[in-house]
Amino acid sequence: MRHHWLFKSEPTVFSIEDLRRAARQTTAWDGVRNYQARNFLRDDVHAGDHILFYHSNVVPAGIAGEAVVTRAGYPDPTAFDPAHRHFDPKSRRDRPTWYLVDVQFVRACRTLIPLDRLRPLPALRQMLLLRRGSRLSIQPVTPAEWAAIVTLPEW
DNA sequence: GCCAACGTTGGC
DNA sequence: GCCAACGTTGGC
173 MRHHWLFKSE PTVFSIEDLR RAARQTTAWD GVRNYQARNF LRDDVHAGDH
223 ILFYHSNVVP AGIAGEAVVT RAGYPDPTAF DPAHRHFDPK SRRDRPTWYL
273 VDVQFVRACR TLIPLDRLRP LPALRQMLLL RRGSRLSIQP VTPAEWAAIV
323 TLPEW
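Following my numbering, the numbering of the first sequence begins with 173 at its first residue and continues without gaps.
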């Protein structure tokens, strides 16, 4: 069963253009340190799933592009590295706490699709991203939400 | 930079 | 298990 997702990233840290320019246009989505998001990465995000690449903590925030999962969940190596800012002593190689997936660039929006543009769309009335206080960094996207977003003229 | 909302930690 | 304190997220 193929799923759709929305992954948040702060573009000052890693943007859709960074992904476009990356080696093989692929990156390991490291640094997720939230259990709910971890569960998705470990259990539910599969190779072949497509994701919306969302730019957070910028003005305006919004959807910046699309990527595809090329490798399903495996332990996040940055959690094992004491020198890394995402190091977590709780995570051990024999019993990893944190997981990541690999994603590859598919396309960037011609123009960013900001939250204000998404909010009025009827198909997105229930979308997790648009709920007040929602800050989950790895979110499932329903087929109807996906269809409504990927057919917008901003692509 | 502000601050509301949320998640985690830790004393009890 | 409760819950206050604290740290983080993320829109604005």
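All C-beta atoms, glycine included, are put in the ideal place defined by N, C-alpha and C.
With 16 or more other Cβ atoms from the protein chains shown falling within 10 Å of its own Cβ, residue 313 counts as buried.
Closest in C-alpha terms to residue 175, from the list 325, 224, 304 and 282, comes 224. DSSP, reduced to helix, strand and coil, places residue 179 within a strand of the structure shown. Bridge pairing for residue 312: 177 [DSSP]. Counting only the Cα atoms, residue 254 lies some 45 Å from residue 325. According to DSSP, residue 221 shares a beta bridge with no other residue. The Cβ neighbour count for residue 231, taken over all protein chains shown within 10 Å, is under 16; the residue is labelled exposed. For residue 244, the enclosing beta strand (DSSP E) starts and ends at 234-247. Pairing residue 247 with residue 271 gives a Cβ-Cβ distance under 8 Å.
Looking at the DSSP output, residue 198 shares a beta bridge with 276. Beta-bridge analysis with DSSP links residue 325 to no other residue. Under DSSP, the beta-bridge partners assigned to residue 227 are 181 and 234. Under the 10 Å beta carbon count, residue 245 is surrounded by 16 or more other beta carbons and is classified as buried. With respect to the 8 Å criterion, residue 309 and residue 229 are not classified as neighbours on the basis of their beta carbons. In summary, residue 220 is exposed, with fewer than 16 beta-carbon neighbours lying within 10 Å of its beta-carbon over all protein chains present. Here DSSP, grouped into helix, strand and coil, assigns residue 293 to coil.
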